[in-house]
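So the protein lines, in turn, are chains R and X. Per the working numbering, the first sequence starts with residue 7, numbered consecutively. Per the working numbering, the second sequence starts with residue 7, numbered consecutively. Data block below; observations after.
Number of protein chains: 2
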Amino acid sequence: MTLQTQPYKGSRDFYPEDKRLQKYIFKTMRSAVEIFGYEEYDAPILESLDLYKAKTGQEIVNEQTYAFVDRGGREVAIRPEMTPSVSRMVAARRQELSYPLRWYSLPNLWRYERPQRGRLREHWQLNVDIFGVAGLQAEHEIILVADQVMRAFGAKRHMYTIKLNSRRLMDMIFSEYLQVSQVQSQSLAKLIDRMHKMEHSEFVADLDALCTPSQRESGMSDRLMALLKTTTLEELPPEIQQHDACVTLTKLLKLLKSSEITNAVFDITVMRGFDYYTDVVFEVFDTHPDNNRSMFGGGRYDGLVGLFGVDPVPTVGFGMGDVTLANFLDVHGLMPNLKVESDMYVVLVGDVYDKAQKLLAELRQMGLKLAVDCSGKKPGDQIKTAVKKGISYVLIVGDRELAEDHYTIKNLVSGEEEHHSLQRIVSIVKDYRKK
Amino acid sequence: MTLQTQPYKGSRDFYPEDKRLQKYIFKTMRSAVEIFGYEEYDAPILESLDLYKAKTGQEIVNEQTYAFVDRGGREVAIRPEMTPSVSRMVAARRQELSYPLRWYSLPNLWRYERPQRGRLREHWQLNVDIFGVAGLQAEHEIILVADQVMRAFGAKRHMYTIKLNSRRLMDMIFSEYLQVSQVQSQSLAKLIDRMHKMEHSEFVADLDALCTPSQRESGMSDRLMALLKTTTLEELPPEIQQHDACVTLTKLLKLLKSSEITNAVFDITVMRGFDYYTDVVFEVFDTHPDNNRSMFGGGRYDGLVGLFGVDPVPTVGFGMGDVTLANFLDVHGLMPNLKVESDMYVVLVGDVYDKAQKLLAELRQMGLKLAVDCSGKKPGDQIKTAVKKGISYVLIVGDRELAEDHYTIKNLVSGEEEHHSLQRIVSIVKDYRKK
């Protein structure tokens with residue numbers, strides 16, 4: 007039987023050039039969030055399935071998790087998201103941890119879905135959470151962090167919009183302003199969440215189908231349609247504006263403006279998929295015409311830690327996926343030009359592998375990253391290999407060079423060749439590395 | 007229902023202090039292998055089960071893999087080892103890649119086994135492989151790399167031994183010198199692999215049970231016992247020493263000695279568990295009396311890439327687990343003292359969160375890693391939080407400080423308090439970070 011060489015459907019192999027991009031992404035994310043005092047954590051990729059049954063959306067648990075029974079009869083799942091794991095970890099040390107607690111992680115997550123642009127079965131996600139802050143400072147800081155991450159990748163304000171809404175506000179609108187039932191609220195939330203992906207006529211029809219005859223008579227859907235057209239909090243009816251959830255949003259938007267976040271706006275259609283959000287939610291949208299979509303988001307979820315039988319901990323967080331981010335960098339021309347790790351490719355002329363060991367050990371000792379060609383091919387072919395590998399320098403080592411203890415290096419980018427002592431070579435290559 | 011807070015059996019949560027140690031381990035590994043020109047890659051954690059059926063040991067596939075059927079009816083497994091994945095990736099680009107190819111990765115791996123010291127269900131493993139070198143240079147370099155990794159963690163030569171053997175040599179000894187059958191060879195290899203974990207009498211009895219009556223008569227087991235007592239290649243019978251596999255081992259040991267690897271020895275009992283090794287194998291042993299065990303190992307496996315229907319690629323590699331490494335660092339007193347990521351904890355005196363934003367933004371702009379206390383607690387309690395978090399500096403910010411644009415910082419380690427401008431504070435804290 008011949009084995010297949012492609013990776014499992016919807017997942018990716020990371021060849022060194024792909025891994026370099028991922029490492030650049032992770033490094034940039036880490037630097038950005040650590041500036042705000044966040045510390046990295048991690049959790050196992052397998053968790054008890056119960057963890058997701060509790061609060062992750064039904065669709066994800068029933069249709070999209072990789073769940074199975076282990077050899078010991080336990081129902082387990084490969085994590086589809088990180089929030090339940092981090093809530094579990096905080097609950098386990100509820101009393102010992104000191105708040106505000108700022109944590110981040112870079113987990114890989116799995117969902118069984120049809121692979122498409124921006125969506126794969128395996129992706130990595132920056133998860134950032136602040137625990138223990140009930141006030142608006144938590145939302146403010148988390149959005150500053152999300153913004154800092156975007157800017158660390160070179161994004162300019164016009165390239166993305168931060169859209170804010172509130173679950174608490176929407177709950178109030180559904181139950182008090184529109185007076186719909188709990189079940190209708192859930193269906194409405196789902197419908198609004200899909201609104202921008204549907205034809206307007208289709209949306210209107212679906213909305214109408216949701217209404218009871220008396221709701222149709224009282225013009226409920228017209229009132230909802232009017233709300234959905236608002237683009238600022240000030241356009242909302244006064245009785246909604248007075249509500250505490252709306253006051254919170256107003257304050258938050260003001261605080262963000264004063265922090266020079268000029269691309270944050272209210273958007274009543276932002277819903278977020280997970281069931282666990284309790285108040286402010288936000289989504290970051292790409293404004294590029296070729297990639298006009300929600301990239302990532304987050305919000306407040308004060309109820310999760312409490313599910314583990316301890317006192318609840320107010321929490322605000324977001325998750326940012328690597329695939330959508332890479333799409334963003336791509337369409338905006340923000341992809342970096344990354345150098346290979348190795349500084350120098352060592353070309354061995356003749357049978358000098360054994361004799362060259364002392365030299366190679368010295369170069370490594372001095373911190374150079376060396377790849378040695380031990381193929382026995384002609385020097386010209388070895389240099390071709392160096393070019394193919396994208397390494398900037400070759401070092402030529404033969405009997406004569408070893409006897410003289412002077413070596414030729416060639417810069418494969420400029421074509422320049424130089425003949426020097428070891429010390430000089432090391433400093434030339436290290437200087438080049440810094441460029 | 008109250009959810010459980012402990013992680014899945016045999017796996018670990020990484021709280022920030024645990025993650026810091028893991029990051030130190032990964033960083034040290036990366037630096038050590040990149041010195042030798044290795045480039046990082048990665049593969050998905052889920053693979054087709056077929057990949058492991060082909061060559062991974064039977065015990066691992068049948069009893070220890072996390073295997074299941076996905077929602078699309080595919081038999082998949084969570085990777086129990088990385089070698090099949092990397093072989094698949096090389097095979098997929100067999101023609102395009104340029105050799106020697108030097109790759110490394112830091113995957114997490116899963117095995118269903120009873121958790122015990124040095125063995126967990128989830129562990130991380132540094133995997134290092136060189137592809138495309140048929141000669142001894144590959145074994146030599148890979149062992150140099152393994153040694154470099156050990157030394158990068160501060161290990162001294164007396165703390166570990168590198169034990170070498172050859173699968174090819176053992177095959178010859180079994181089939182030609184001892185003249186046992188293929189089936190007996192496999193049982194013998196397994197028995198020798200377990201030798202150091204058994205009582206001597208038990209080993210002798212098991213060996214005797216393996217022999218046929220005619221083998222017993224001809225003294226086969228005595229000849230094997232004599233071989234197992236040898237500790238150098240020179241003690242082996244001349245007809246074995248003359249064999250090409252033995253000549254190779256002799257040359258390799260000599261080359262290692264000349265590279266100042268004084269702790270490499272021949273050990274006829276080194277077998278390695280996987281079925282895919284074809285020639286030289288090695289294992290690194292901890293010499294500490296409290297942890298005297300095999301830590302990690304590797305060897306040559308020339309046949310794996312060819313299983314994917316392409317021309318075979320000679321390969322040598324090793325895998326080094328994080329759990330056994332941490333045990334090693336622990337017993338030898340090599341555990342590092344790691345600082346928390348954040349440079350400074352910001353104590354807010356009074357209701358100054360909004361007003362302090364400009365200052366905080368400036369400090370972040372200058373590259374300081376700040377955690378801001380937005381709890382509204384008394385300053386003394388905020389400082390206690392900073393101490394608990396292990397952060398070295400606190401910055402006190404109240405109305406007076408903001409008006410004067412001069413701030414008090416306190417070093418929580420020395421107790422020293424200073425009052426300075428922003429610029430001066432940033433340089434003090436950055437200097438401290440470098441220590």
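By construction, the Cβ of each residue, glycine as well, lies at the ideal position given by its N, Cα and C atoms.
- Taking C-alpha positions only, S111/R is separated from S207/R by approximately 42 Å.
- By the 16-neighbour rule on beta-carbons within 10 angstroms, D296/R is exposed.
- Annotation: Y30/R to S227/R spans about 48 Å, alpha carbon to alpha carbon.
- With three or more CB-CB distances shorter than 8 Å, the region 343 to 355 of chain R counts as touching the region 394 to 401 of chain R.
- Counted as a single uninterrupted DSSP element, the beta strand (DSSP E) harbouring I168/X occupies residues Y166 to S172.
- Nearest in C-alpha terms to G312/X, of all of P90/X, V337/X, A195/X and R26/X, is P90/X.
- In this model, Q190/R and L184/R are separated by some 11 Å (Cα to Cα).
- Using a Cβ-Cβ cut-off of 8 Å, K394/R is close to S104 of chain X, given in chain order.
- If the five residues before and after R306/R are omitted, its C-beta is found closer than 6 Å to the C-beta atoms of T284, D285, V286 and V322, all from its own chain and listed in chain order.
- Comparing C-alpha distances from Q388/X to each of Y21/X, G356/X and Q371/X shows the shortest one belongs to G356/X.
- Ranked by Cα distance from P320/X, the first of L107/X, R77/X and E205/X is L107/X.
- Of all alpha-carbon atoms in S17/R, R229/R and R406/R, the one lying nearest the alpha-carbon of D328/R is that of S17/R.
- Where Q122/R is concerned, there is no enclosing beta strand (DSSP E), because DSSP gives it neither an H nor an E.
- Contact between the region 328 to 342 of chain R and the region 115 to 134 of chain R is present: three or more C-beta pairs spanning the two stretches fall below 8 Å.
- For the alpha helix (DSSP H) assignment, the uninterrupted runs of no fewer than 4 residues enclosed by the region 58 to 127 of chain R are, from N- to C-terminal side, 89 to 98.
- Along the length of the region 265 to 319 of chain X, whole beta strand (DSSP E) runs at least 3 residues long occupy 270 to 272, 286 to 292 and 300 to 306, reported in chain order.
- Against chain R, the beta carbon of V346/X has neighbours under 9 Å at E45, listed in chain order.
- Here D437/X is not near Y72/R, since their CB atoms are 8 Å or more apart.
- Bridge partners of V400/X according to DSSP: Y351/X and K416/X.
- Within the model, the alpha-carbon separation for P318/R versus D308/R is close to 7 Å.
- The contact set of R77/X on chain R, defined by CB atoms closer than 7 Å, consists of Y118 in chain order.
- Around L428/X, the same chain offers no residue with a beta carbon nearer than 6 Å, after the five sequence neighbours per side are excluded.
- Sequence-distant partners of I66/R (beyond 5 residues in either direction) whose C-beta falls short of 6 Å from its own C-beta, in its chain, are P86.
- Out of R157/R, G78/R, R406/R and L57/R, the CA that lies nearest to the CA of V290/R is found in R157/R.
- Its Cα nearest to that of S187/R, the residue L216/R stands out among E347/R, L216/R and Y105/R.
- Beta-carbon to beta-carbon, L55/X and E81/X are separated by about 4 Å, close enough to satisfy the 8 Å threshold.
- For the C-beta of P22/X, the chain R residues within less than 9 Å are, from N- to C-terminus, E45, E46, Y47 and W109.
- Taking 8 Å as the CB threshold, V378/X lines the interface with chain R.
- Pairing R174/R with A251/R gives a Cβ-Cβ distance under 8 Å.
- Within the region 311 to 338 of chain R, L313, F314 and G315 place their CB atoms closer than 7 Å to a CB of chain X, listed in sequence order.
- Residues of the region 175 to 199 of chain R with a C-beta atom less than 8 Å from some C-beta of chain X do not occur.
- In terms of Cβ geometry, G315/R and C380/X do not form a close pair [threshold 8 Å].
- Inclusion of M277/R and D199/R in the CB contact set at 8 Å is warranted, their separation being smaller than that value.
- Using a 10 angstroms sphere on the CB of M204/X, the tally of other CB atoms stays under 16, which defines it as exposed.
- Residues of the region 85 to 99 of chain R with a Cβ closer than 7 Å to any Cβ of chain X, in chain order: R94, M95, A97 and A98.
- With a contact defined as Cβ atoms closer than 8 Å, F334/R and D292/R qualify at about 5 Å.
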